[in-house]
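Okay, structure first, notes after.
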Amino acid sequence: MGAKRIELVGVDLGYPDGKSHAEGTALGIQMNQEEMYEVEQVGGGKLLTTPVMSIYRRAMETRIAQIGDDVKFYNLSTIGARIQGTIEMIPQMAE
44 MGAKRIELVG
54 VDLGYPDGKS
64 HAEGTALGIQ
74 MNQEEMYEVE
84 QVGGGKLLTT
94 PVMSIYRRAM
104 ETRIAQIGDD
114 VKFYNLSTIG
124 ARIQGTIEMI
134 PQMAE
């Protein structure tokens, strides 16, 4: 469609602190960690994820690789999974 820049917002692909959603939301429940394993996290460290979330991540990585250098992908998550082929950025907060 002609885009040269795609920003991934809210694409954590894992469970920071083992929680399903952000702190303070109605859906923020503790997940069953027996079904999880660790992957690399944005900025270093480890993040808990599930096999399903890893399938999504790998599918995104494959598609990004297929598209090549014509489009830049930016991962704006500060706590999510590292997505190969993206540029990690911490979003600027409006003052």
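Numbering (this note's numbering), first residue to last: 44 to 138. Quick reminder that beta carbons are idealized off the backbone N, C-alpha and C, glycines included.
When the beta-carbon positions are compared, residue 88 and residue 76 stay at least 9 Å from each other.
DSSP places residue 130 outside any alpha helix (DSSP H); the residue lies instead in the beta strand (DSSP E), whose first and last residues are 129 to 131. Assigned with DSSP and collapsed to three states, residue 124 falls in strand.
In the DSSP annotation of this structure, the continuous segment of the beta strand (DSSP E) that includes residue 82 starts and ends at 80 to 83. About 18 Å separates the beta carbons of residue 98 and residue 116, which is beyond the 8 Å limit, so they are not a contact pair. If you ignore the 5 residues before and after residue 47, its C-beta comes within less than 8 Å of the C-beta of 113, 114 and 115, all in its own chain and listed in chain order.
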